[in-house]
Amino acid sequence: MTDLFMEEHMPEIGQGGMSVVYRARDFHPDRCVAIEVLPPESVSDLGQKRHFVQEAKSASALKCFLYVFFILLFCPLMDAAEVPCVWKDVEKIIVIGDIHGDYDNFLSLLKGLHLVGNDLHWTGEKTHFVQIGDILDRGPGAKYAMDLLMRLEKEAPDSGGMVHVIIGNHEELNVTGRVFDYPDYVTVEQFVSFLPESFRKSKERKYLADFADKNGARAASSGPDPVSDMGLRAYWQNLIRKDKEAQRAYVTSFNRNYGRWLAQKNSVIKINDIIFSHAGISEKYATWRLRDINEAVRSELRLFMQYLEDPSRLSGHLKFKILYDNQGPLWYRGLATRDEKETEKEIIRILDALNARVMVTGHNFFQNGKRMPLHGIQDIRYYGGRVYNTDTGINRVYHGLVAALTIEGGKFDLFAVGPEQRRAAEAPSPKEKIAAALRGDMEKYLKAAAVVEIDKSSVPGRTAPWRIALEEAGVSRQAIFKYIDHRRPDPLPDSFKYELAAYALARYLDLEFVPPIVERKIDDIAGSLQLFVENTISEEERKDRNIQPVDAKSFAQDMDDLRVFQSLAAYSCENVQDVLVDQNTWKIYAVDFSQAFAPKSGTLTECRISQCSQKLYRKLLTWDREKIKNLLAPYLNEEEILALNARRDSIIETIERQ
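So the sequence shown is numbered by my numbering: it starts at 399 and just counts up by one.
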């Protein structure tokens, strides 16, 4: 404060009811002044603060040699103008929920929504874009997302648009440094990206000096890389969790470059008749003016930032009224954890008090303690359309939906990108309907088609399956017939019943990996008859020949789902000879489950499960044990079914740990 106003010591000359007055001399121009200081504990009291500012305005009108300055201690200079938080007559609004450091998925939404072009500059014209909070943590790209938002915020007004960044609880956690109380919130990439370069390099030099192994030598020659160098990654992870000096360096640098920007943002805004807030507005704050809620959050954030810079400037404990209130706009969970029927009247009261029709939030990918499957707009709409939750699990660690809320002409809709969009449709897509019809027709064909030829020697394998030529109504197909039936507890289990079980399980999960198969007699022998898939190569051959899929991302996602299915069926993921790839469509098939469904309760370690599609994850969450039992009882014994249920539980736990 003396750097800004004074060049000599300020003696105390009196006290008021809410402040202390000091005498000093201002040399620019030379004059005697009085400085009235509001104590820090009063900073977040909006009533005292408004009264204090009014006194300042009155004093500034005095025409005498004694000029009176009023200062809010430990806060930045008073804002030149009030931060706006209400807008009207906006035609188009787009809301992206919790990003959590997934910059790639964030970009795919921005581009898909035409908010930015390929050069990442604003193309959204007059759209109001709301980022609902929680840009940070869990993912690697928070800094890139924040840099982009800071630039778009400046560009959008040139074409009549606006970018609104809402403060979320994860922004607060990083500004205050409390984020380090939560293990694994801050990823290595995020931590390193916000550190001062000099500090980062000093720590990397220490790593190279103290861990001069092969990894260290390689890093020294090519530059330390925590992605490729697992030793360096572990080193940074240890610093994140235990090194207070490194944590302080992170917070100081973050606040200097980003915290100050965040502390100017709103925690609640109103566009047209819609309220936007990260966690939502509870009834406790519904009667507050929006500007008062926002100023309270900003003031308390700034107070904490000043405390971190110099703790000695505050005596006693910091006291906050709103920042950490579990009813406040950063932490409230009531909109996602309480019964809608029981609390509907409360929501109506809240919206009436806010003079609003709808509230849009983020913050809660979990609904009533569970990860909710997302089909479409109806799954983020609560209280009969009075509340919309935009936290769709954008970050891939949640295996959610890369989606945004669009509001145009008063209509609310959900926009999703990539394969997830197709998989998230409430009803099957036309393509899925066609596939289901063809599958049903093929099952009928396999059951009814005439056997034209039986080749008992052309198919390799220990169980010597037959190759069958079929024909029906002029349509010819090839099929594989298996007839061995040695089910457990046989010491060498191998049965066509397990093939039928795999197909039934795939159908239950809406997966297309297992080609159509039916139970049928050939030459009066009972067995399974499965469609022979033409024009395929094995995954083993594809890898050996280094043939790359046309859409690598989609292919990788399908392989993720296949690994989950293989683990469910206790079918080794290392058996790449029996994974077939269609050379035209790149569709993946898995065959030969005759030895599957071993009574193992855990996931198969060789499958290395880390994620799966949102569609499959949804099916796993809604797994019905009674239906599974009835569906598979003709093929599996009780022990095998119990083990299958246990593997499903283990897979859910494995995915949620990622």
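Even glycine gets a Cβ: it sits at the ideal position worked out from N, Cα and C.
Cα-Cα separation between residue i and residue j, rounded to whole angstroms
i	j	result
Cys483	Lys668	6 Å
Glu917	Ile878	12 Å
Asp956	Val948	13 Å
Ser965	Arg905	16 Å
Asp990	Lys998	19 Å
Gly774	Gly531	21 Å
Ile1049	Ser665	38 Å
Asp942	Arg865	27 Å
Pro727	Glu698	13 Å
Thr804	Val514	16 Å
His884	Val873	34 Å
Asp1060	Ala847	Absent from the model: residue 1060. The displayed extent of the chain is 399 to 1056, so no value can be given.
Pro807	Tyr633	Strictly speaking, residue 807 in this sequence is Gly, with Pro absent from that position. Answer to the nearest angstrom: the Cα atoms are 52 Å apart.
Ala1041	Val962	15 Å
Ala1044	Trp729	35 Å
Asp811	Tyr1033	44 Å
Arg886	Ser893	9 Å
Arg689	Asp545	26 Å
Arg687	Lys604	52 Å
Lys895	Val977	20 Å
Glu830	Arg1016	At Glu830 the pLDDT is 48, less than 50, meaning the model places this residue with poor confidence; the figure from the coordinates comes in the next sentence. The straight-line gap from Cα to Cα measures roughly 17 Å.
Given residue i as reference, the closest of the options once Cα atoms are compared
i	options	result
Gly1000	Arg1046, Glu551, Asp777 and Glu523	Arg1046
Gln928	Lys601, Glu897, Ser952 and Ile945	Glu897
Leu534	Gly510, Arg755 and Gly575	Gly575
Glu1036	Phe995, Gln1012, Glu1004 and Asp1022	Phe995
Arg1055	Ile565, Asp582 and Leu630	Asp582
Ala867	Tyr843, His526, Ser680 and Lys809	Tyr843
Lys880	Ala899, Glu910, Val912 and Ile923	Ile923
Val584	Leu550, Phe652, Met548 and Asn724	Phe652
Glu744	Glu681, Asn567, Thr759 and Arg700	Glu681
Leu1029	Val563, Gly629 and Ala899	Ala899
Leu606	Leu630, Phe589 and Val590	Leu630
His498	Arg603, Arg886 and Ala543	Ala543
Ser591	Thr685, Tyr656, Arg639 and Val563	Tyr656
Gln993	Asn973, Asp958, Ser1011 and Leu505	Asn973
His761	Gly678, Val695, Ile945 and Arg779	Gly678
Per-residue DSSP class, three states only, for residue i
i	result
Gln1012	helix
Val528	strand
Trp864	strand
Ala647	helix
Gly782	helix
Val466	With a pLDDT of only 43 at Val466, under 50, the local geometry of the prediction cannot be trusted, and the value read off the model is given with reservation. It is a strand residue.
Gly522	coil
Gln1057	What the structure shows of the chain is the stretch from 399 to 1056, and residue 1057 is not part of that stretch, so it cannot be assessed.
His568	helix
Trp659	helix
Leu799	coil
Val573	helix
Lys919	strand
Ser936	strand
Ser992	coil
Val695	helix
Thr759	strand
Cβ-based burial, residue i [other Cβ within 10 Å; buried from 16]
i	result
Val481	exposed
Ile748	buried
Pro538	buried
Lys524	exposed
His519	exposed
Met703	buried
Val850	exposed
Pro889	exposed
Glu707	exposed
Glu1051	exposed
Asn572	buried
Asn724	exposed
Arg1023	exposed
Thr650	buried
Leu1019	exposed
Ile1053	buried
Arg639	exposed
Leu496	Just to set this straight, residue 496 is Asp in the shown sequence, not Leu. Looking at its Cβ environment, which holds 16 or more other Cβ atoms inside 10 Å, Asp496 is buried.
Notebook entry, point to check: Okay, do the stretch 928 to 941 and the stretch 975 to 986 touch, 3+ Cβ pairs below 8 Å being the bar?
Noted result: yes
Next item on the list: Pair every Cβ in the stretch 502 to 520 with every Cβ in the stretch 581 to 598, then say whether three or more of these pairs are closer than 8 Å.
Entry: no
Margin query: When you compare the stretch 670 to 687 with the stretch 486 to 495, are there three or more beta-carbon pairs, one atom per stretch, that lie closer than 8 Å?
Written below: yes
Next item on the list: State whether the stretch 750 to 759 contacts the stretch 775 to 789, with contact taken as three or more CB pairs (one from each stretch) at a distance under 8 Å.
Entry: yes
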